[in-house]
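**Student:** So the sequence shown is numbered by my numbering: it starts at 763 and just counts up by one. Have a look at this one.
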Amino acid sequence: MEGRSHLLMGLAAGVVLDSFVHLSGDPLTLATSVPLALVVKKAVFYSAVGFGALLPDIDNARSMLGRRFGWISRTIQHVAGHRTIFHSLLGLALGSLLAIGLEQVVIFLLGTRGLQAPAHIVSLSHVVFFGVLFGCIVHIACDSLTEGGVPLFWPYRKRFGIPPRPDMRFKTGTWVEHVVVWGFIILVLLGIWQSILVI
Ligand SMILES: [Zn+2]
Numbered sequence: 763m764e765g766r767s768h769l770l771m772g773l774a775a776g777v778v779l780d781s782f783v784h785l786s787g788d789p790l791t792l793a794t795s796v797p798l799a800l801v802v803k804k805a806v807f808y809s810a811v812g813f814g815a816l817l818p819d820i821d822n823a824r825s826m827l828g829r830r831f832g833w834i835s836r837t838i839q840h841v842a843g844h845r846t847i848f849h850s851l852l853g854l855a856l857g858s859l860l861a862i863g864l865e866q867v868v869i870f871l872l873g874t875r876g877l878q879a880p881a882h883i884v885s886l887s888h889v890v891f892f893g894v895l896f897g898c899i900v901h902i903a904c905d906s907l908t909e910g911g912v913p914l915f916w917p918y919r920k921r922f923g924i925p926p927r928p929d930m931r932f933k934t935g936t937w938v939e940h941v942v943v944w945g946f947i948i949l950v951l952l953g954i955w956q957s958i959l960v961i
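Below, the structure is given as structure tokens:
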């Protein structure tokens, strides 16, 4: 799937997730006043989801994110290849462990200086973590709809997709991709309009 499609699908799926679990704080549609902290939290959440929705394609130097990461992306593509660990459950697990480990290191280092991270910063960092993780999951789910499928259980190389037969899935960048993306966005907008989803 193209970078722009991933971004749109990630953000739209983020609206759906947030309407159920309110990761980004209280819903704006129900708020009588909108404090700045709430706006910041929502901006952080949707930025994290958007970034996560593009992140797995860092293994493709020609992707939207890969072009910005330059040599880092080229090296990853050279070493790992496109649609390998970055499009797998193992990649999601290792990435999560890395983020959790990093948080523990920061807490430890602050602790050695007798400091403690402010609660709102810790809470925002969790919003970033879940936002990026969710964006990555949506990315992999979206790629599974394409002809190439995803190696979900990498290093086992078999690729999986929905539907299971590759010839029933669409090719990246074709009109079907745009129908799927805009169809999903229209559904989410209808959900907001019907107030089934509250953001
Ligand atoms: Zn991808």
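Glycine is no exception: its CB is placed at the ideal position from the N, C-alpha and C atoms.
1) At a cut-off of 7 Å, would you count PRO928 as near ligand 1, judging by its Cβ distance to the nearest heavy atom?
2) Have a look at GLY832, VAL802, GLY893 and flag the residue whose alpha-carbon is nearest the alpha-carbon of GLY812.
3) Which stretch, first to last residue, makes up the alpha helix (DSSP H) that contains LEU827?
4) Mark ALA855 as exposed unless 16 or more other C-beta atoms lie within 10 angstroms of its C-beta, in which case mark it buried.
5) Closest to ALA799 by C-alpha separation, out of SER786, LEU792, TYR808, THR791, would be which residue?
6) Would you call TYR918 buried or exposed, if buried means 16 or more other Cβ atoms sit within 10 Å of its Cβ?
7) Beta-carbon within less than 6 Å of GLY853's beta-carbon, same chain only, minus the 5 sequence neighbours each way: which residues are those?
8) Let me check understanding here. Comparing Cα to Cα, which of GLY876, ILE954, TYR808 lies closest to VAL890?
9) Within 10 angstroms of its Cβ, does PRO818 collect 16 or more other Cβ (buried), or is it exposed?
10) Would you kindly report the start and end of the unbroken alpha helix (DSSP H) that includes VAL941?
11) Please state if the CB of VAL943 and the CB of SER767 are separated by a distance shorter than 8 Å.
12) Would you kindly report the start and end of the unbroken alpha helix (DSSP H) that includes THR874?
13) Starting from ALA879 and walking both ways along the alpha helix (DSSP H), at which residues does that stretch end?
14) Within the continuous alpha helix (DSSP H) that includes LYS803, where are the two ends?
15) Got a sec? Which residues, its chain only, sit under 6 Å from SER835 by beta carbon, not counting five neighbours each side?
16) I'd like to know whether the C-beta atoms of ARG845 and GLY910 end up nearer to each other than 8 Å.
17) Which of helix, strand or coil does DSSP assign to PHE915?
**Tutor:** According to the structure data:
1) no
2) Measuring from the Cα of GLY812, the nearest candidate turns out to be GLY893.
3) 826 to 842
4) That one is exposed.
5) For ALA799, the closest alpha carbon among the candidates SER786, LEU792, TYR808, THR791 is that of SER786.
6) exposed
7) ILE847
8) TYR808
9) Buried, because 16 or more other Cβ atoms sit within 10 Å of the Cβ of PRO818.
10) Residues 937 to 955.
11) yes
12) Bounds of the alpha helix (DSSP H) holding THR874 are 851 to 874.
13) No alpha helix (DSSP H) contains ALA879, which DSSP labels as neither H nor E.
14) 798 to 816
15) ILE820, ALA823, GLY828
16) yes
17) PHE915 falls in the coil class under three-state DSSP.
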